[in-house]
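Protein chains in written order, with our numbering: chain A, 1 to 337; chain B, 1 to 260. Notes follow the structure.
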């Protein structure tokens, strides 16, 4: 098992590259994930997220560079490493022709837990994941959310110290997502390290201690959620005017409370502010004194969506998904059947 | 026994059990192993039985039953092709490859479960054979050897189909592969008619080249008698050769297979 007393990172990636012929899927990534923390790996489709997960879980050999998980090299110590990791994928890799119980028992036996322990652990996980009643039904009768829960349960069978979750909630309804998040949080509270890829920024915001953004196989930003948000600017007040033609007057009325020059667009004035306390009240007073009517006023913080858009030039969830690139192993988002 | 070998065996058994559990829940597969051989046996004996002369055999059933049994054994491995295509497509192969299990167990487990299903199909066909006039005419030892040979032949074709499944990537592809390559092979042989009535070129292929004829002749010799000494060893050698070649190819392909 992983030596929890040591301060070695749970995941260490150095200069990791993967190419397929001329296509460079990963162009030299460096990353570290501390034990007991969650790293959210963000990026558009085809950015290299899945390729990175596949290398870290020993499914693909890297072209260059090295990676260690739980202190073990993903190439040289692959066989040993597999006993230390759990993988849950975006395709809910569970056997539809077996029951939920049979799936978990099979995975337990393949982790060499022994028949009795594997069965006991399967019942325990079904219970924990709210699948105890469905446990003896075929997985082909499960809903998308139930399959994801079973998939995650399968990744947890051997209580691995490091978990890889590749878009664990893609295509799930909000309630199922919330349920999965709670389970992941509980695992982390018990000391597991998690690497999570996602396209949902609220998911990264909620679960991840640190966030790494990759695009075109390159790490373009890394830090806590707040650090990343600061990179794209601080808070601002947004005022929607009743009469858009008063935009210039509003800007002059508000420049006293702004930390940078306010801007106006389509009847909405944006005022960057440093000190949020009292900013709204001040803005309302100033606008009232200048006899400018307000339709709506709010403080807005940058979201991870703003970060994503600023860093990659693309919104996080494209309306139209690119074709899957068969070489990089990246797949378009697919709704769970 | 080393730990590695013990795990390889237990992983194989776990995955063979997984494949067997799925079969009764999949009516199409269960039909392929039970109803289909019964139907083919009845059709062949009833439709062709009166028209085909089989000198040296009392009854067409005595000639044909070993042939159709070997054909069924050859196609028994089709479950492995379909199963592997499905595992690749659903991402289960990724799950298995990320587990600390034997690298080969996904393949050895599947092919092992085929043996069990082939044994079921073999029992069904012998019973139906007896109903339509077939009878063993050899010693119990020879019959037992014939049964073992049938299962060995089936196991060899399971490895052929493992390759088909790993290379085909769709169920339709596996189907086409199987039917274009293996179906004609079973017909251009001594399985259903004596090759003497075929055109010269086909006769040469059926008697001298087609390994399927060797296998059928061997099983026929063990079940109903007749000359078969060389064929029996030939059939064993062909089966072991198929396992060696296609087993190696399948293992190599499995190591690199990814969802496409």
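We treat Cβ as the ideally placed atom computed from N, Cα and C, and that holds for glycine. On a predicted model such as this, the values are computed, not experimentally measured, just so you know.
- Unbroken beta strand (DSSP E) stretches of 3 residues or longer found wholly inside the region 168–200 of chain A: 193–198, given in chain order.
- Under DSSP, residue 164(A) shares a beta bridge with 87(A) and 195(A).
- In this structure, the alpha-carbon of residue 218(B) lies about 7 Å from that of residue 235(B).
- Using a CB distance cut-off of 8 Å, residue 18(B) counts as an interface residue toward chain A.
- In the DSSP secondary-structure assignment, residue 104(B) is not bridged to any residue.
- Bridge partners of residue 66(A) according to DSSP: 14(A).
- A residue is called buried when at least 16 other Cβ atoms come within 10 angstroms of its Cβ; residue 131(B) does not meet this threshold and is exposed.
- The Cβ of residue 101(B) sits closer than 8 Å to at least one Cβ of chain A.
- Closest in alpha carbon position to residue 97(A), among 194(B), 22(B) and 185(B), is 22(B).
- Annotation for residue 61(B): the continuous alpha helix (DSSP H) segment containing it runs 60–76.
- The DSSP-derived three-state label of residue 155(B) is helix.
- The way I'd put it, the region 86–103 of chain B doesn't touch the region 118–130 of chain B; fewer than three beta-carbon pairs between them come closer than 8 Å.
- When Cβ-Cβ separations below 8 Å define contact, residue 228(A) makes no contact with chain B.
- The beta carbon of residue 203(B) sits closer than 6 Å to those of 195, all from its chain and outside the five residues before and after it, given in chain order.
- No residue range can be given for residue 235(A), since it is assigned to no alpha helix (DSSP H) and is classified by DSSP as neither H nor E.
- Think of a sphere of 9 Å around the beta carbon of residue 111(A): the chain B residues whose beta carbon falls inside it are 99, 100 and 101, in chain order.
- Annotated three-state conformation of residue 221(A) is strand, per DSSP.
- For residue 5(B), none of the residues of chain A pass the 7 Å Cβ criterion, the least Cβ distance being about 13 Å.
- Nearest Cα to residue 254(A) within the set 269(A), 55(A), 245(A) and 219(A): 269(A).
- Under the 10 Å beta carbon count, residue 47(B) is surrounded by fewer than 16 other beta carbons and is classified as exposed.
- By the 16-neighbour rule on beta-carbons within 10 angstroms, residue 76(A) is exposed.
- Check the Cα spacing between residue 190(B) and each of 39(B), 8(B) and 63(B): the tightest is with 63(B).
- Closest in alpha carbon position to residue 17(A), among 66(A), 249(A) and 206(A), is 66(A).
- Per the C-alpha coordinates, the member of 102(B), 108(B), 103(B) and 84(B) positioned closest to residue 95(A) is 84(B).
- Against chain A, the beta carbon of residue 92(B) has neighbours under 8 Å at 93, 94 and 95, listed in chain order.
- Per DSSP, reduced to three states, the secondary structure at residue 272(A) is strand.
- In this structure, the beta-carbon distance from residue 225(A) to residue 205(A) falls below 8 Å.
- Between residue 165(B) and residue 105(B), the C-beta gap is not smaller than 8 Å, which leaves the two residues out of contact.
- 122(A) is the residue among 122(A), 133(A), 299(A) and 140(A) whose C-alpha sits nearest the C-alpha of residue 152(A).
- For residue 291(A), there is no enclosing alpha helix (DSSP H), since its DSSP letter is neither H nor E.
- In this structure, the beta-carbon distance from residue 264(A) to residue 277(A) does not fall below 8 Å.
- Counting only runs of 4+ residues, the alpha helix (DSSP H) found wholly inside the region 6–58 of chain B occupies 27–33 and 35–43, in chain order.
- From the beta-carbon of residue 48(A), no residue of chain B is found nearer than 8 Å; the closest lies around 15 Å away.
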